[in-house]
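Read the structure below first, then the notes.
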Amino acid sequence: APDRGCDVDRKFAGFCGKATLGMKRISRHRDRLIFQGQISCGNPCEPSKPFLCRDSPTCIRLNDVCDGKWDCEGGFDEDPAVCFGASRPHMEAIYEFLQKEHWMIPKLFNGADPEMIAHELTVATGVDELQRTLGLTDENVANLRKAFQGMIDGDERPLLAMGMPERKWPEVKFLLEKLYESGFQV
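Numbering follows the numbering used here, with no gaps: position 8 of the sequence shown is 11.
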């Protein structure tokens, strides 16, 4: 029988299995923020089945996550939050992008911490959720919508007006496309 001290870890690992992949920075705080005295047991799953279901000790293949069929008890592997994260760029990649494109943080994200922005971009359903979770202003929301519309139209001018350096359009467009294609609601 699994150790009761691993219950919280199992839930965390199941959620993070595919959705977060690059959570090095947030995970260094997990003992303080999530486990609070619990025994950290890690993910007990074998490498061929690394996704740990939330409510049971079942491990499944990554190909079985977000495939339209419940493989975990209760359907955790088909949870929309897990599937949003699974289809988006990794948190670490978004974080590194934001570090290079720091001009975006005040214009689009109200000066929020890049680590939190990266995390929210991997799990948020859309702009409205970002506004709630990151405390975006109405101006930030309008700028985000303009940025996405610019990506849809193939027009970099709205982003240049927000301070995007010239020659950065391909990278910015790529990230916006990946978010939009994953179902991110503008």
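Note that beta-carbon positions come from the ideal geometry of N, C-alpha and C, so glycine has one too. Computed from a predicted model, the values in this text were never measured in an experiment.
- A Cβ-Cβ separation of about 43 Å leaves TRP73 out of contact with MET167 under the 8 Å criterion.
- Boundaries of the alpha helix (DSSP H) around ASN143: 141 to 156.
- Residue environment: THR125 is assigned as buried (16 or more neighbouring CB atoms within 10 Å of its CB, all protein chains considered).
- Looking from the CA of GLU142, the closest CA among HIS122, GLU169, ILE108 belongs to ILE108.
- Exclusion of the five residues before and after ALA121 leaves MET94, ILE97, TYR98, LEU101 as the residues of its chain whose Cβ lies within less than 7 Å of its Cβ.
- Under DSSP, GLY129 shares a beta bridge with GLN188.
- According to DSSP, CYS62 shares a beta bridge with LEU55.
- Between TRP172 and GLU180, the gap from beta carbon to beta carbon reaches 7 Å or more.
- Segment contact: the stretch 73 to 84 against the stretch 42 to 61, three or more CB-CB distances shorter than 8 Å; contact assigned.
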